[in-house]
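Notes to accompany the following structure.
Number of protein chains: 2
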Amino acid sequence: MMPQQQLSCRTFDAPAVMPGCSTCPLSSLELCVEGRRNRESESHAQNVGQNTGFALARRVFSRQEEVRDLVPVICSGWAAAYVNLPNGNRQILSFILPGEFLSASLIFSGAQYVWVEAVSDVHYRTFDRTDFMREIAGRPQSFALIAEVWIKEKRRADRLIVDLGRRTAEERIASLLIDLVDRLRARDLVSPDGSVEFPLRQHHIADATGLTSVHVSKVLSEFRRRGLFELSERVLTIKDAAALRRSAGEPHSR
Amino acid sequence: MMPQQQLSCRTFDAPAVMPGCSTCPLSSLELCVEGRRNRESESHAQNVGQNTGFALARRVFSRQEEVRDLVPVICSGWAAAYVNLPNGNRQILSFILPGEFLSASLIFSGAQYVWVEAVSDVHYRTFDRTDFMREIAGRPQSFALIAEVWIKEKRRADRLIVDLGRRTAEERIASLLIDLVDRLRARDLVSPDGSVEFPLRQHHIADATGLTSVHVSKVLSEFRRRGLFELSERVLTIKDAAALRRSAGEPHSR
DNA sequence: CGCTTAATTGAAATGGTTCAATGCCTGTGG
DNA sequence: CCACAGGCATTGAACCATTTCAATTAAGCG
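Chains as they are written, first to last, in the working numbering: chain A, -3 to 250; chain B, -3 to 250.
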């Protein structure tokens, strides 16, 4: 228990409760030592080996050998899961926000085919897979929660397939922004005036939407010109949500 | 138990053992009344409500209300899971071959956002979700098998994302053909001379690869001209597997 | 046998890429 | 405090992979 591999970079004294905790499955399952909702309640956290980690922005922080036996969850910051192509291109499969598993597949298997890069500085937490499995196997309602997480991830992947296969650059970019803002809102990370910390570079958006960063720049400029949002200094402020949603095309099975 | 909803179309006297049985998870879990490997062995099949169904080619055969409580598995024939877009386009998310769940998500939830169409005539089988869950929840090794199915499905979705986001028409089409043939080979559906029943129309390939059927026609002609395969009369014969694999680009995380 | 669906082919149009040049900002080192 | 390098964003022009449009033939199907 408590396998203390250091995933990468330096350690860090992380504050106990992090932005991701409010929506983190590990927290609601009372399996996280730090993020427990109710510190008085009976907790299973001490039965699950766990550890914290930290990665600087732009660093790759999940490697084959490191996730072999560990299930990582993001506590704060953004990450991106991607694959590299022989020609030097890459495709981002998903952005990972605070309170999310690096990948739901890693809950059940250490086999990994994606790279994960920290977009901003990232605090994460790793759980011993065997311990974790044992804890949820016993409790059906825990299992239902994990199934839900998994289904959501699959649904998001399917939505991306539709975007990449059948929708224009404008629609893809608008969808991505809407999806991210919606998820951030669920985590209470949108401030009352509608602005959000938005660490993505244009090349991230390009890699996620299957476009070039040159074209992303052009589309974003056009969106700004139309007054849909403001985006500068790593802060995004939606100005005309309805128009943005229109640009994303009809909601195709949200 | 045994909820006897008729999913659609007419009933049919299906032969007990079908092409999909050899690789069907329900069969290896001994949960299928018909497809059991070992008829003498102790089986849990009578604990799980189940029924057969049949759908004619080109029919939609999975609707919201119908999968609410049922987990469908294809026994013979091909199906396609897709979503419709407001502009009349559609995107096929996956082809479903004999021995596969309609969608792994349906194992855990009846909420559905895709349509499923029979590509060729399809025999399928439905299992009561509650019964099914109860049976696998108790047995960890069953659960591992289901997790594996789920991970495979997700991995295939991720591969499609990469194809649609970053690869050319040729690469997408070649990848699709290779993937299908590989899966068919695993089911022993490739005859010794290398030919397979291949019920897809060009518009299926187009809808799956995010292209137009016009362009699919051009690429397929070019492939044929180069002698990579023959394809006519719903039969595909790979002639130059190595060259086809080259056209698909490097294997990006198979 | 006629009617609809599927496949083929060519020509024109286009959404997005590629290439290239410029400016900006940030961090770094002298 | 300035010079310089590297990453990031912007803009315009040329290019190209794929779409769109259109016309023709071939293939199922009742």
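We treat Cβ as the ideally placed atom computed from N, Cα and C, and that holds for glycine. Please read all numbers here as calculations on a predicted model, not as lab measurements.
- Counting C-beta pairs closer than 8 Å gives fewer than three between the stretch 15 to 35 of chain B and the stretch 195 to 210 of chain A, which falls short of the contact rule.
- In summary, B/Gly223 is exposed, with fewer than 16 beta-carbon neighbours lying within 10 Å of its beta-carbon over all protein chains present.
- Annotation: B/Ala153 to A/Ala237 spans about 30 Å, alpha carbon to alpha carbon.
- If you draw a 10 Å sphere on the C-beta of A/Thr48, you find 16 or more other C-beta atoms in it, and that means buried.
- Distance from the CA of B/Phe128 to the CA of A/Ser243, rounded to the nearest whole angstrom, comes to 42 Å.
- Counting C-beta pairs with one atom in each stretch, the stretch 139 to 157 of chain B and the stretch 56 to 72 of chain B have fewer than three that are closer than 8 Å, which means they do not touch.
- When CB distances to chain A are screened at a threshold of 7 Å, the residues of the stretch 62 to 89 of chain B falling below it are Val79, Leu81, Pro82, Asn85, Gln87 and Leu89, in chain order.
- Between B/Arg241 and B/Ile174 the beta-carbon gap is near 6 Å, inside 8 Å, which marks them as a contact.
- A contact is defined here as three or more CB-CB pairs under 8 Å, and the stretch 174 to 192 of chain A meets this definition with respect to the stretch 219 to 235 of chain A.
- With respect to chain B, the C-beta atom of A/Glu96 has no partner C-beta closer than 8 Å.
- Here the alpha carbon of B/His211 sits roughly 40 Å from the alpha carbon of A/Glu96.
- Taking 9 Å as the cut-off between beta carbons, the residues of the stretch 121 to 151 of chain B near chain A are Met129, Ala133, Pro136, Phe139, Ala140, Ala143, Glu144, Trp146, Ile147, Glu149, Lys150 and Arg151, in sequence order.
- The DSSP assignment places 165 to 182 as complete runs of the alpha helix (DSSP H) inside the stretch 146 to 199 of chain B, in order along the chain (cut-off: 4 residues).
- With a threshold of 16 other beta carbon atoms within 10 Å, A/Glu246 falls short and is exposed.
- A straight-line Cα-Cα distance of about 6 Å links B/Leu180 and B/Val186.
- For A/Tyr109, the closest C-alpha among the options A/Leu216, A/Leu81, A/Val118 and A/Gln198 is that of A/Leu81.
- In summary, A/Gly134 is exposed, with fewer than 16 beta-carbon neighbours lying within 10 Å of its beta-carbon over all protein chains present.
- Cβ-Cβ separation between A/Ile157 and B/Leu89: approximately 6 Å, consistent with a contact (criterion under 8 Å).
- With a cutoff of 8 Å on beta-carbon distance, B/Ser217 and B/Gln198 are scored as not near each other.
- Within chain A, no C-beta atom comes less than 9 Å from the C-beta of B/Glu30; the nearest is roughly 27 Å away.
- The C-alpha of B/Ala75 lies about 7 Å from the C-alpha of B/Val118.
- Counting along the chain, no alpha helix (DSSP H) covers A/Leu102, and no H or E run does either.
- For secondary structure counted as the alpha helix (DSSP H) over 4 or more consecutive residues, the stretch 80 to 136 of chain B holds these complete runs in sequence order: 125 to 134.
- Within chain A, Gln87, Leu89, Ala153, Leu156, Ile157 and Leu160 have C-beta atoms less than 7 Å from the C-beta of B/Ile157, given in sequence order.
- For B/Gly206, the neighbours in chain A by C-beta distance under 8 Å run, in chain order, Leu160, Gly161 and Arg162.
- A distance below 8 Å separates the beta carbons of A/Trp111 and A/Ser58.
- In this chain, B/Leu240 is not harboured by any beta strand (DSSP E); it is covered by the alpha helix (DSSP H) spanning Ala237 to Ser243.
- Residue state for A/Cys17 is assigned as helix, using DSSP reduced to three classes.
- Our two residues, A/Ala114 and A/Ser101, have alpha carbons roughly 19 Å apart in a direct line.
- Among the residues of chain A, those whose CB is under 7 Å from the CB of B/Phe104 are Ala143 and Ile147, following chain order.
- Separation of the CB atoms of B/Asp184 and B/Ser18 is rounded to 6 Å, and the pair is thereby assigned contact status at 8 Å.
- For B/Glu218, the enclosing alpha helix (DSSP H) stretches over residues Ser209 to Arg221.
- Here the C-alpha atom of B/Glu62 lies approximately 12 Å from the C-alpha atom of B/Val56.
- Nearest to B/Ala53 by alpha-carbon distance, out of B/Tyr120, B/Arg163 and B/Leu176, is B/Tyr120.
- Measuring C-alpha to C-alpha distances from A/Ile92 to each of A/Arg86, A/Ser116, A/Phe104 and A/Gln42 identifies A/Ser116 as the nearest.
- Between B/Glu167 and the set B/Ala182, B/Ala202, B/Ser105 and B/Gly31, the nearest pair of CA atoms involves B/Ala202.
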